[in-house]
Amino acid sequence: MSKSVTPRTPKGFRDFLPEAMLRRNYVLDNITDEFHRFGFEPIGTPILELHETLFGKYGEDAEQLIFTAQHGRSTREPLAMRYDLTVPLARVVGQYENELNFPFKRYHIAPVFRGERPQRGRYREFWQCDADIVGVPGMSADAEIVSLMQRILSRLGFPQFQIKINHRQLLVAIGEFSGVPNEQLPDLYRSVDKFDKIGAEGVRRELTERGIAADAVSRMMDLIQAKAAGAGSLDLIADV
């Protein structure tokens, strides 16, 4: 005798009924149109990637959120569900390097999966809209991406917004300038990545617990939290 099952979605996953899907499609259609205007081409990749492709790319904390997937008893090719669209892009570039035209301007709109603790605004399945340029030296590609983001947000009707820019080399320089030993720089990156989640004091506490000297933590936190407008922001990091 079959057991009665209450229809429901797993925690952290959502259904979209017609009204919601029409709104989502409107947004995605506008984003896609701007991607095309800027000359980006679409790609698609599998939801499942080889375990070896995903693990070792995100850091220990992020990798705890990756869903693994196996079919029956098969262990010959350990699989995992994609965590983002960036690592699959890197795989595509490496796998099809001789077939792609560079600079390679690609966009990818697809769901990704993370074993987050479900809460308001945080889901285990969500969609990313990625646009990347591979094979352009200098910062012209970065400027183009910022311009693309501005066009999309304006087109979707957001009256005011901020575009935040990060730079890995700047974070490396801040760590070295503050006196963080090279072997502890990965700890620095992992903690700073959580800034929006745990706040300044949380980052400070975590860095101290990881064994980074208190004076180095203080210098680094002063630089990370420095704020200024226009050219003044460059003066704050001139010595770095």
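Quick note on numbering: the sequence shown equals residues -4 to 235 in the numbering used here.
Glycine included, each C-beta is placed from N, C-alpha and C at the ideal position.
All values reported here derive from a predicted model rather than from experimental measurement.
Roughly how many angstroms separate the alpha carbons of residue i and residue j, rounded to a whole number?
i, j, result
"Lys52", "Val87", "15 Å"
"Asn25", "Met76", "27 Å"
"Lys100", "Asp125", "11 Å"
"Asp182", "Gly116", "27 Å"
"Thr203", "Ile160", "26 Å"
"Gln59", "Glu14", "35 Å"
"Glu171", "Gln164", "10 Å"
"His66", "Pro98", "38 Å"
"Leu213", "Leu166", "Note on identity: in this sequence residue 213 is Ser, with Leu being the wrong assignment. Approximately 15 Å, taken between the alpha carbons."
"Asp188", "Tyr21", "32 Å"
"Met216", "Ala195", "8 Å"
"Gly54", "Leu74", "18 Å"
"Glu111", "Arg205", "23 Å"
"Glu178", "Arg185", "13 Å"
"Gly130", "Arg3", "45 Å"
"Phe35", "His46", "29 Å"
"Val141", "Lys(-2)", "53 Å"
Does DSSP put residue i in a helix, a strand or coil?
i, result
"Leu12", "coil"
"Asp125", "strand"
"Asp105", "Sequence check: residue 105 is Ala here, not Asp. Strand."
"Leu95", "coil"
"Thr27", "helix"
"Leu151", "coil"
"Met216", "helix"
"Ala136", "helix"
"Glu44", "strand"
"Glu178", "helix"
"Lys237", "There is simply no residue 237 to check, as the chain begins at -4 and stops at 235 in what is shown."
Taking all protein chains shown into account, do 16 or more other C-beta atoms lie within 10 angstroms of the C-beta of residue i, making it buried, or fewer, making it exposed?
i, result
"Leu17", "exposed"
"Phe11", "exposed"
"Glu44", "buried"
"Ile158", "exposed"
"Met134", "exposed"
"Phe190", "exposed"
"Leu23", "exposed"
"Ile239", "Given a span of -4 to 235 for the chain in the structure shown, any question on residue 239 remains unanswerable."
"Trp49", "Note on residue identity: the sequence assigns Leu, not Trp, to residue 49. Result: buried."
"Leu80", "buried"
To the nearest whole angstrom, what separates the beta carbons of residue i and residue j, a pair I think is in contact under 8 Å?
i, j, result
"Ala211", "Gly174", "4 Å"
"Pro37", "His103", "7 Å"
"Tyr118", "Arg9", "6 Å"
"Glu120", "Pro106", "5 Å"
Within 8 Å: the Cβ of residue i and any heavy atom of the ligand PLP?
i, result
"Gln220", "Ligands are entirely absent from the displayed structure, and the ligand PLP is therefore not among its contents."
Inset, instruction - Flag this pair as touching only if the stretch 24 to 31 and the stretch 145 to 157 have three or more C-beta atom pairs under 8 Å; answer yes or no. - result: At 8 Å Cβ cutoff, the stretches touch.
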